[in-house]
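Residue numbering for the sequence shown follows the numbering used here, starting at 60 and increasing by one per position.
Where is the CB? At the ideal position from N, CA and C, for every residue including glycine.
Notes to accompany the following structure.
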Amino acid sequence: MKATLLALALLTAGASQAYAQAPAVSAQAPTPRTFVTQHSGVFNGQTVHYLATVGETVLKDKDGVPTISFMTTAYVRDGAKGQAERPVIFLFNGGPSSASSWLHMGAFGPKRITVPQDVGAPVPKPYALQHNPYTVLDVADLVFIDPAETGFTRVLPGGKRADFYTAYGDAKSVAGFVEAWIKANGREASPKYVLGESYGTIRAALMASELAKTMPLDGVVLMGQATNMIETSQRASNVMAYAANLPALAAIAAYHGRADMGGKSMAAFIDAAYGYGMGEYLSALAKGADLSQADRQQVAERLQAMTGISADYYLTNRLVITKVAFATELLKDRGLMLATYDARYTGPAPKAGERPVDPFAKVGDMVAPLLSEHLTQNLTVTLPMSEYRPFAPDTRGWLYNPTSGAGGPFNDYDYPAMIGDAFAANPKFRLMVGTGIYDLTTTVGPARYLAAQGYFPTDRVSQKTYEGGHMAYTNEAALEAFTSDVRAFVTPRP
Numbered sequence: 060m061k062a063t064l065l066a067l068a069l070l071t072a073g074a075s076q077a078y079a080q081a082p083a084v085s086a087q088a089p090t091p092r093t094f095v096t097q098h099s100g101v102f103n104g105q106t107v108h109y110l111a112t113v114g115e116t117v118l119k120d121k122d123g124v125p126t127i128s129f130m131t132t133a134y135v136r137d138g139a140k141g142q143a144e145r146p147v148i149f150l151f152n153g154g155p156s157s158a159s160s161w162l163h164m165g166a167f168g169p170k171r172i173t174v175p176q177d178v179g180a181p182v183p184k185p186y187a188l189q190h191n192p193y194t195v196l197d198v199a200d201l202v203f204i205d206p207a208e209t210g211f212t213r214v215l216p217g218g219k220r221a222d223f224y225t226a227y228g229d230a231k232s233v234a235g236f237v238e239a240w241i242k243a244n245g246r247e248a249s250p251k252y253v254l255g256e257s258y259g260t261i262r263a264a265l266m267a268s269e270l271a272k273t274m275p276l277d278g279v280v281l282m283g284q285a286t287n288m289i290e291t292s293q294r295a296s297n298v299m300a301y302a303a304n305l306p307a308l309a310a311i312a313a314y315h316g317r318a319d320m321g322g323k324s325m326a327a328f329i330d331a332a333y334g335y336g337m338g339e340y341l342s343a344l345a346k347g348a349d350l351s352q353a354d355r356q357q358v359a360e361r362l363q364a365m366t367g368i369s370a371d372y373y374l375t376n377r378l379v380i381t382k383v384a385f386a387t388e389l390l391k392d393r394g395l396m397l398a399t400y401d402a403r404y405t406g407p408a409p410k411a412g413e414r415p416v417d418p419f420a421k422v423g424d425m426v427a428p429l430l431s432e433h434l435t436q437n438l439t440v441t442l443p444m445s446e447y448r449p450f451a452p453d454t455r456g457w458l459y460n461p462t463s464g465a466g467g468p469f470n471d472y473d474y475p476a477m478i479g480d481a482f483a484a485n486p487k488f489r490l491m492v493g494t495g496i497y498d499l500t501t502t503v504g505p506a507r508y509l510a511a512q513g514y515f516p517t518d519r520v521s522q523k524t525y526e527g528g529h530m531a532y533t534n535e536a537a538l539e540a541f542t543s544d545v546r547a548f549v550t551p552r553p
């Protein structure tokens with residue numbers, strides 16, 4: 060599960076010997092460390108002057124003992140009219156637990172990685188940064204958060220990793236940072252938004268509930284949502300999970316020319332797959348052995364047309380296929396496997412005994428070195444990049460409390476209900492859910508199912524889909540659409 064919810068186990072440390080003599084990250088952090096630089100750029104057609112602050116925020120426990128030192132990166136528009144009421148978006152990736160590198164360098168930062176738009180093209184070296192005209196700095200300030208033990212954020216001697224390596228402890232600490240940042244910067248009057256990706260959507264749900272008690276949010280954006288993991292994952296006995304995930308398999312098969320779309324657009328084809336999946340297909344799976352042979356054959360043939368996987372496979376495997384198996388089965392005849400993070404990408408299928416390499420890795424490899432370049436050269440950070448952690452160490456014991464135990468998020472805990480607390484606390488609170496249609500990890504069907512369950516007021520929830528994978532914004536058209544949707548989401552309504 061951790062592999063599928065990481066904001067990619069593809070990042071490398073990106074350490075640079077040039078910064079080996081820079082001051083080390085302090086375990087005590089007695090004096091907050093801050094790196095402030097001035098910049099300007101053209102975003103959404105506007106020239107924006109802004110301050111970039113890589114800064115430290117130390118949180119203390121109820122006894123006043125420092126427990127954690129957050130190092131975060133904030134971009135704040137300089138000289139904006141009504142600055143104190145300007146929206147602020149707090150952003151983080153998944154894991155558990157990873158740094159905010161992907162959202163920072165892939166989507167919302169003022170500089171971004173240059174991803175070849177041809178998914179079959181090699182990624183040229185040396186890697187290059189480019190200006191990001193799509194960032195939403197024209198309408199909102201941005202704070203990228205690296206949670207406990209990721210990036211330069213560290214648990215201090217007065218704290219314990221175990222206190223932060225739980226779903227609730229992690230969320231509570233990040234919520235505490237949000238409160239501290241808002242107060243330190245005099246932004247109490249600003250509309251406050253949280254944008255979480257992948258596992259970060261579970262963090263966002265728990266944070267929304269936590270902040271509802273003291274500093275209610277105005278909105279949450281879930282990108283690649285994982286809050287209803289019971290449906291998103293595929294346990295052998297969970298028929299709903301297979302039904303809900305069918306639209307993703309259909310979309311991916313259609314992209315690779317293996318599905319019969321019947322002349323429909325991709326959006327209409329996904330709608331049809333969802334309708335069939337949550338209707339006739341779900342009913343057939345629920346009947347199990349009671350389904351007649353004739354009906355079983357009919358369902359298998361319909362699935363073959365929709366997903367490109369043979370009817371014989373479905374008949375042999377109780378009319379289901381896991382997402383993992385789908386990645387290796389769809390193009391097996393060509394000796395190829397699909398990337399699970401973005402199934403547009405393909406690579407050689409591993410031979411017996413070989414460890415599979417996700418074909419999307421060539422894109423992920425860009426993030427760490429370019430983040431290092433951006434922090435050190437553009438933002439004048441003198442901390443050694445060898446100490447920047449893409450992922451927190453030793454998270455195998457992460458507890459998904461309050462369920463705890465080995466079941467983790469697969470246990471029946473109602474994370475979506477935590478977002479309900481935010482709706483109750485603020486009558487203007489809204490939720491946006493975005494999904495890449497070619498994502499094989501957190502898929503489009505469960506996101507749609509989440510919104511359909513009556514947890515939230517329908518007029519305050521928006522569903523968005525993008526032509527891409529888990530990090531759909533690597534597709535520039537999807538990046539433009541995603542940031543435009545977020546810009547509209549946080550722009551005050553008349």
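Asked, Found
"Nearest by alpha-carbon distance to residue 504: which of 336, 392, 405 is it?", "336"
"Relative to the C-alpha of residue 368, which candidate in 356, 390, 248 has its C-alpha closest?", "390"
"Along the chain, where does the beta strand (DSSP E) containing residue 116 start, and where does it finish?", "105-119"
"Straight-line CA distance for residue 583 to residue 111?", "In the structure as shown, the chain starts at 60 and stops at 553, and residue 583 therefore has no counterpart that could be examined."
"Please return the same chain residues whose Cβ sits closer than 8 Å to the Cβ of residue 195, not counting the five positions on each side in sequence.", "102, 103, 148, 167, 201, 542, 545, 546, 549"
"Using DSSP bridges, identify the partner residues of residue 450.", "157"
"For residue 214, which of 177, 130, 437, 170 has the nearest alpha-carbon?", "130"
"As an exercise, report each continuous alpha helix (DSSP H) stretch of at least 4 residues that is fully enclosed by the stretch 226-305, in chain order.", "226-243, 258-270, 288-291"
"Give the range of the beta strand (DSSP E) segment to which residue 525 is assigned.", "520-525"
"How far does the beta strand (DSSP E) with residue 99 in it reach, from first residue to last?", "93-102"
"Would DSSP call residue 189 helix, strand or coil?", "strand"
"With hydrogens ignored, establish whether the beta-carbon of residue 367 is closer than 6 Å to any heavy atom of the ligand COA.", "Looking for the ligand COA in the displayed structure turns up nothing, as the structure carries no ligands at all."
"Which stretch, first to last residue, makes up the beta strand (DSSP E) that contains residue 491?", "489-495"
"With a cut-off of 8 Å, do at least 3 Cβ pairs link the stretch 278-288 to the stretch 259-269?", "yes"
"Provide the residue span of the alpha helix (DSSP H) that contains residue 479, from first to last.", "474-484"
"Can you give the Cα-Cα distance for residue 135 and residue 424, rounded to whole angstroms?", "28 Å"
"Please classify residue 427 as buried or exposed, where buried requires at least 16 other C-beta atoms within 10 Å of its C-beta.", "buried"
"What residues match up with residue 128 in a beta bridge as DSSP calls it?", "117, 213"
"Whose C-alpha, out of 340, 409, 397, is nearest the C-alpha of residue 37?", "With the chain covering 60 to 553 only, the question about residue 37 has no answer from this structure."
"Using CA coordinates, which residue listed in 404, 108, 435, 95 is at the minimum distance from residue 176?", "404"
"According to DSSP, what are the bridge partners of residue 172?", "188"
"Within 7 Å of any Cβ in chain B, is that where the Cβ of residue 358 sits?", "This model lacks chain B altogether; it includes just one protein chain."
"For the pair the stretch 514-525 and the stretch 479-496, tell me if three or more CB-CB distances fall below 8 Å.", "yes"
"Excluding five sequence neighbours on each side, which residues of the same chain lie with their C-beta closer than 8 Å to the C-beta of residue 273?", "238"
"Could you check if residue 537 is buried or exposed, using at least 16 other CB atoms within 10 Å of its CB as the buried criterion?", "buried"
"Is it the case that the stretch 217-226 contacts the stretch 450-458, given that we only count it when at least three CB pairs across the two stretches are under 8 Å?", "yes"
"Measure how close the beta-carbons of residue 276 and residue 267 come, nearest whole angstrom, since I'm counting them as under 8 Å.", "6 Å"
"Which of helix, strand or coil does DSSP assign to residue 62?", "In this predicted model, residue 62 has a pLDDT of only 37, less than 50, meaning its place in the structure is not dependable enough to derive any value."
"Rounding to the nearest angstrom, what Cα-Cα distance links residue 295 and residue 360 in this structure?", "22 Å"
"What's the call for residue 540, buried or exposed, on a 16-neighbour Cβ count within 10 Å?", "buried"
"Per DSSP, residue 396 forms a beta bridge with which residues?", "406"
"Have a look at 170, 218, 329, 534 and flag the residue whose alpha-carbon is nearest the alpha-carbon of residue 120.", "218"
"What residue ranges within the stretch 329-395 form continuous alpha helix (DSSP H) runs of no fewer than 4 residues, ordered along the chain?", "341-346, 352-366, 370-375, 382-388"
"Give every residue of the same chain whose Cβ lies closer than 6 Å to the Cβ of residue 421, excluding the five residues on either side of it in the sequence, and list them in chain order.", "182"
"With residue 402 and residue 386 assumed to form a contact (beta carbons below 8 Å), what rounded beta-carbon distance in angstroms separates them?", "7 Å"
"Considering just the uninterrupted stretch of the beta strand (DSSP E) at residue 202, what are its terminal residues?", "200-203"
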